[in-house]
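Novice: Numbering (the working numbering), first residue to last: 7 to 82.
Here a beta-carbon is modelled for each residue, glycine too, at the ideal position from N, C-alpha and C.
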């Protein structure tokens with residue numbers, strides 16, 4: 007991965023002792039000229055150099071993703 011990573015927020019991961027959810031934006035994530043993305047990383051333990059899981063979300067998909075997450079929240 008290349009590009010510039012900008013940290014937006016970090017949240018405690020519920021159900022873990024010291025896990026976290028990290029939200030960042032990444033410019034040129036796949037090389038020069040690639041579309042910037044929002045990135046969500048999940049780390050199960052503090053101090054991890056890389057998240058255990060991560061997903062890159064293009065800007066065009068963020069609103070639909072938020073709506074789907076709101077629906078998922080209602081069913082929990």
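(1) For residue 44, which of helix, strand or coil comes out of DSSP?
(2) Secondary structure at residue 82, three-state DSSP: helix, strand or coil?
(3) Using a Cβ distance threshold of 8 angstroms, determine whether the segment 49–56 contacts the segment 64–79, with at least three qualifying pairs required.
(4) Please determine, among 61, 36, 41, 37, the residue with the shortest C-alpha to C-alpha distance to residue 28.
(5) Residue 17 and residue 23: beta carbons closer than 8 angstroms?
(6) By Cβ distance below 6 angstroms, which residues in the same chain neighbour residue 15 in space, the five residues on each side in sequence not counted?
Specialist: The relevant details are as follows:
(1) Position 38 of the chain shown, counted from the first residue, corresponds to residue 44. Note: residue 44 maps to strand in three-state DSSP.
(2) Along the chain shown, one-based indexing puts residue 82 at 76. Here residue 82 sits in coil by DSSP.
(3) no
(4) Position 22 of the chain shown holds residue 28. In terms of CA proximity to residue 28, 61 leads the group 61, 36, 41, 37.
(5) For this step, residue 17 is matched to residue 11 along the chain shown. For this step, residue 23 is matched to residue 17 along the chain shown. No.
(6) Counting from one through the chain shown, the residue named residue 15 turns up at place 9. Contacts found: 29.
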